[in-house]
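> Per the working numbering, residue 244 is the first one in the sequence shown, and the count goes up by one each step.
Here a beta-carbon is modelled for each residue, glycine too, at the ideal position from N, C-alpha and C.
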Amino acid sequence: MKKTSVVPFSPIEKVEKWTIEESLKAYGVDVWGGDFFTLNSNGHVEITPQGAEGPHLDLYKIVTELGKQNVRLPVLIRFPDIIHSQMKKLSTCFDKAIQEYGYQGKYQGVFPIKVNQQSYVIKDIIKSGGSYNFGLEVGSKPELLIALALLTEPDRIIICNGFKDAEYIQTALLSLKAGMRIFIVVERLEELNIILKTAQNLKVEPNIGFRVKLNTQGNGKWMESSGFKSKFGLTASEIVQGLEILKEYSALEHLKLLHFHIGSQVPSIHPIKSAIREAARTMTELYQFGVKIEYMDVGGGLGVDYDGTGQSHSSTNYSTQEYVNDIVYHLQTICDENNSPHPHIISESGRFIVAHSSLLVFNVMDANLIEKDMESDFFFDKNSGKTNTAKNAFLIEDNTHAFVKDLYEIYKGLEKNPISESFNDLIEKKKDIHQLFIYGVLNLKEAALAENIYCVAASRLKKLTEGKEDYEEIFQVLTDELADIYFSNFSVFQSLPDSWALGHLFPIMPIHRLDEKPMRRASLADLTCDSDGKIAHFMNYQLWKNEKHLMVHSLKKGVPYYMAAFLTGAYQEILGDMHNLFGDTDAIHVSISKNGNYSVDHHVEGDSIYDMLKYVGYHKRDLMEKLHQRTEGAVLNGKLSREEAGKLLKNYSQALAGYTYLG
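In structure tokens form, the structure reads like this:
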């Protein structure tokens with residue numbers, strides 16, 4: 244059951260002694276981590292790829308050891324054992340519901356290749372799916388070619404969705420004739436004639452499915468992929484026309500599958516119930532036409548709980564077992580009411596299978612610290628007697644503008660004046676000083692001094708309001724304004740595109756120092772030179788609301804600070820964008836043995852700079868030649884020595900072969 248009640252003030256502000264349990268709650272690990280993520284006594288994120296009762300892996304230890312093996316950050320880490328665990332869980336849930344309700348059909352899952360097309364992932368899917376007879380779903384000709392080459396067992400199904408031309412259909416039918424178990428799903432009525440004619444010419448009996456365009460519409464970000472105006476599927480009138488076409492070819496018995504899809508990541512169980520009832524009614528009506536549907540493909544939609552609220556498009560209000568129970572129960576009920584046989588059930592729950600299996604680890608490179616702790620480092624009173632380490636850059640002098648002095652007086656009076664009065668005065672004086680600078684009344688040095696006084700005063704006022712319910716609103720305003728910016732070694736556009744494009748919430752947190760209280764709050768800026776290249780939406784698991792900043796620890800000079808984005812296995816890799824020519828990251832596959840040791844099964848190097856340049860039409864020979872000409876000219880003009888020119892060319896050549904991210 245999701246927690247939706249709102250407490251008046253975030254408990255973290257009141258915690259004196261920080262523990263591992265506090266970090267578990269603060270970062271919501273017990274909410275989104277499921278059976279696979281927790282924290283250990285060292286204050287590190289711990290992974291249990293085979294479930295909570297299986298062996299444990301220390302993520303911080305893995306990252307530090309990988310660094311010694313020349314694996315670079317950022318790095319995508321995949322855990323194929325999690326894929327197997329999720330397949331097992333889904334199959335077990337269906338088996339339990341089928342047995343409990345006395346359902347006569349069986350369950351068989353398929354993985355939609357579009358969710359993650361990476362070859363190592365698909366090979367892991369096929370390997371793990373052998374125990375549960377999992378097949379593949381394809382939505383295009385390239386994906387069909389992948390499935391035909393890799394899925395060799397004859398009992399494992401290939402579902403062919405998407406738009407199809409004659410070549411696509413002929414390839415699928417020839418593969419069916421060769422002994423593969425392929426169902427061609429009719430998305431548009433025009434496809435049916437091509438399928439039937441081609442099957443006649445090839446002398447093969449096709450396995451045909453109809454995709455039903457339901458009136459039931461899902462909810463969440465992908466709701467437009469369902470409903471009467473959705474892109475794919477046959478309306479009721481088109482289904483009736485399709486039956487007439489099948490009769491003309493004496494091929495009614497080849498219609499064996501009914502398919503529907505109400506969208507990816509469906510957050511609520513209610514449209515799922517409605518959809519399965521509507522699809523089941525359609526199936527029982529087909530039975531009256533003499534069509535025995537052997538398989539009901541319920542499509543995707545099984546959501547993953549990314550934020551735990553139960554109320555957003557990044558969450559769900561149901562469990563896996565509840566989802567499965569509703570599918571089985573409502574399908575059986577409609578069938579029994581209409582004296583129709585129970586079909587076998589197929590689901591395309593790709594996000595559920597792979598989302599937890601991948602995570603992105605990155606390091607924080609630097610920070611823009613807005614909240615000020617050390618007052619003497621930022622401004623000085625001429626009469627205070629403090630050492631001026633800033634060489635008079637921020638010295639309050641006799642001729643300092645009166646408005647800046649007023650701001651300083653507000654700061655000095657924070658301890659004795661009413662908090663609300665001080666806050667209002669501080670905000671108003673800040674606006675006045677901004678206007679004075681615009682109109683040329685204040686110079687740059689005075690504006691800089693005022694800026695520092697304001698930041699120190701606001702920081703002090705934030706501490707005075709911390710944990711006090713009467714000043715929660717003031718505290719929240721100051722917290723948002725004073726949040727730091729942590730510059731992080733990754734690209735949002737490449738590795739977390741749904742965060743940028745859809746506002747999707749991924750769990751993000753430090754992977755170590757979790758036995759320490761996080762004393763700062765920050766948004767995360769990536770390496771791109773784009774203002775959208777940031778993450779400024781995080782879940783506050785104490786207040787159960789979206790906030791613009793994340794609780795983080797102070798950076799220590801010379802000590803790496805590692806963070807990770809979790810649940811990135813679905814869609815993110817294939818949707819990644821090459822903004823600023825940041826390419827794919829290094830990726831590793833980590834397996835775990837029963838004794839708790841891990842092995843790196845695959846290390847896939849990320850894109851080099853030259854890989855990205857070549858993709859957009861640049862060639863190394865041309866680039867090197869042009870730079871050589873320029874350096875030669877600089878040598879002749881006396882701007883560079885021969886040695887310097889050689890170093891530049893060498894650095895350039897090495898950079899072309901290097902990682903697109905920072906070292």
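From the DSSP output, in three-state form, read off residue 900 for me.
As a position in the sequence shown, residue 900 is number 657, starting the count at 1. Residue 900: helix per DSSP, three-state reduction.
> Which same chain residues end up closer than 7 Å to residue 398 when comparing Cβ atoms and leaving out the 5 residues on each side of it in sequence?
Along the sequence shown, one-based indexing puts residue 398 at 155. The answer, listed in chain order, is 376 and 424.
> What ranges does the alpha helix (DSSP H) occupy inside the segment 357 to 415, keeping only unbroken runs of at least 4 residues that lie completely in it?
Fully enclosed alpha helix (DSSP H) runs of 4 or longer: 362 to 372 and 384 to 393.
> Report the rounded CA-to-CA distance for residue 695 versus residue 606, giving the unit in angstroms.
Taking the sequence shown and counting its residues from 1, the one referred to as residue 695 is at position 452. Taking the sequence shown and counting its residues from 1, the one referred to as residue 606 is at position 363. The alpha-carbon atoms of residue 695 and residue 606 are separated by roughly 28 Å.
> Could you tell me the distance, in whole angstroms, from the CA atom of residue 866 to the CA atom of residue 407?
Counting from 1 along the sequence shown, the entry for residue 866 is found at position 623. Counting from 1 along the sequence shown, the entry for residue 407 is found at position 164. C-alpha separation (whole angstroms): 42 Å.
> Can you find the residues in the same chain that come closer than 6 Å, C-beta to C-beta, to residue 422, ignoring five residues on each side of it along the sequence?
Locating residue 422 in the sequence shown gives position 179, counting from the first residue. Taken in chain order, the residues that qualify are 397.
> Mind checking whether residue 726 and residue 614 have CB atoms under 9 Å apart?
Looking up residue 726 in the sequence shown gives position 483. Looking up residue 614 in the sequence shown gives position 371. In this structure, residue 614 lies closer than 9 Å to residue 726 by Cβ.
> With DSSP collapsed to three states, give me the class of residue 821.
Within the sequence shown, residue 821 is the residue found at index 578, counting from 1. Here residue 821 sits in coil by DSSP.
> Quick one, which of 456, 490, 554 and 531 has its alpha-carbon nearest residue 506's?
If you number the sequence shown from 1, residue 506 lands on position 263. The option with the nearest alpha carbon to residue 506 is 456.
> In whole angstroms, give me the CA-to-CA distance for residue 501 and residue 557.
Here residue 501 refers to the residue found at position 258 of the sequence shown. Here residue 557 refers to the residue found at position 314 of the sequence shown. Each residue's alpha carbon lies about 29 Å from the other.
> Give the secondary structure of residue 729 by DSSP, where H, G and I count as helix, E and B as strand, and everything else as coil.
For the purposes of this step, residue 729 is taken as the residue at position 486 of the sequence shown. The answer is strand: DSSP assigns residue 729 an E or B state.
> On a Cα-Cα basis, can you pick out the residue from 808, 770, 748 and 325 that is closest to residue 780?
Within the sequence shown, the letter at position 537 stands for residue 780. Checked all of 808, 770, 748 and 325; the closest Cα to residue 780 is 748.
> Based on Cα-Cα distance, which residue from 260, 301, 269 and 668 lies nearest to residue 833?
Mapped onto the sequence shown, residue 833 falls at position 590. Here the closest residue by C-alpha is 301.
> Are there 16 or more other CB atoms within 10 angstroms of the CB of residue 532, so buried, or fewer, so exposed?
What you label residue 532 is simply residue 289 of the sequence shown in a count that begins at 1. That one is exposed.
> Rounded to a whole number of angstroms, what is the C-alpha to C-alpha distance between residue 340 and residue 560?
Residue 340 sits at position 97 when you count from the first residue of the sequence shown. Residue 560 sits at position 317 when you count from the first residue of the sequence shown. Their Cα atoms are separated by approximately 19 Å.
> Where does residue 694 fall in DSSP's three states?
Translated into positions along the sequence shown, residue 694 becomes position 451. In this structure, residue 694 counts as helix in the three-state DSSP scheme.
> Please report the distance separating the alpha-carbon of residue 782 from that of residue 896.
As a position in the sequence shown, residue 782 is number 539, starting the count at 1. As a position in the sequence shown, residue 896 is number 653, starting the count at 1. Cα to Cα, the separation comes out at about 44 Å.
> In whole angstroms, what is the alpha-carbon distance linking residue 654 and residue 663?
Working through the sequence shown from its first residue, we reach residue 654 at position 411. Working through the sequence shown from its first residue, we reach residue 663 at position 420. Distance between the alpha carbons of residue 654 and residue 663: 13 Å.
> So is residue 468 buried or exposed if we call it buried at 16+ other beta carbons inside 10 Å?
Sequence index remark: in the sequence shown, residue 468 carries index 225 (1-based). Residue confidence for residue 468 is low, a pLDDT of 48 falling below 50, so the modelled location carries little weight; the figure read from the coordinates is stated next. The residue in question, residue 468, is buried, as its Cβ has 16 or more Cβ neighbours within 10 Å.
> Within 10 angstroms of the Cβ of residue 772, are there 16 or more other Cβ atoms? Answer buried if so, exposed if not.
Residue mapping note: residue 772 aligns to position 529 of the sequence shown, counting from 1. Counting Cβ neighbours within 10 Å, residue 772 comes out exposed, since fewer than 16 surround it.
> By DSSP, does residue 923 sit in helix, in strand, or in coil?
What is shown of the chain runs 244 to 906, which leaves residue 923 out entirely.
> Along the chain, where does the beta strand (DSSP E) that runs through residue 774 open and close?
Along the sequence shown, read from residue 1 onward, the residue named residue 774 stands at position 531. Neither: residue 774 is in no beta strand (DSSP E) and is coded neither H nor E.
> Which of the three DSSP states is assigned to residue 782 in this structure?
Residue mapping note: residue 782 aligns to position 539 of the sequence shown, counting from 1. Reduced to three states, the DSSP call for residue 782 is strand.
> Cutting at 6 Å between CB atoms, please list the residues of its own chain near residue 205, excluding the five before and the five after it.
The requested residue 205 does not occur in the structure, where the chain is confined to residues 244 to 906.
> Quick one: Cα of residue 941 to Cα of residue 886, how far?
The structure shown does not extend to residue 941, since the chain spans only 244 to 906, so no value can be given for it.
> Tell me which residues share the same chain as residue 620 and place their Cβ nearer than 6 Å to its Cβ, disregarding the 5 neighbours each side in the sequence.
Here residue 620 refers to the residue found at position 377 when the sequence shown is read from its first residue. Per-residue confidence for residue 620 stands at a pLDDT of 49, beneath the threshold of 50, marking its modelled position as unreliable; no derived number is given.
> Does residue 547 pass the burial test, meaning 16 or more other C-beta atoms within 10 Å, or should it be called exposed?
Counting from one through the sequence shown, the residue named residue 547 turns up at place 304. Buried.
> Hey, residue 769 and residue 795 are a contact pair by Cβ (cut 8 Å); roughly how many whole angstroms apart?
Position 526 of the sequence shown, counted from the first residue, corresponds to residue 769. Position 552 of the sequence shown, counted from the first residue, corresponds to residue 795. The Cβ separation is near 15 Å, so there is no contact.
> Taking only the alpha-carbon atoms, compute the straight-line gap between residue 445 and residue 492 and give it to the nearest angstrom.
Position 202 of the sequence shown holds residue 445. Position 249 of the sequence shown holds residue 492. So the alpha carbons of these two residues sit roughly 14 Å apart.
> Taking residue 538 as part of the beta strand (DSSP E), name the residues at either end of that continuous run.
Numbered from its first residue, the sequence shown carries residue 538 at position 295. Note, residue 538: beta strand (DSSP E), 538 to 540.
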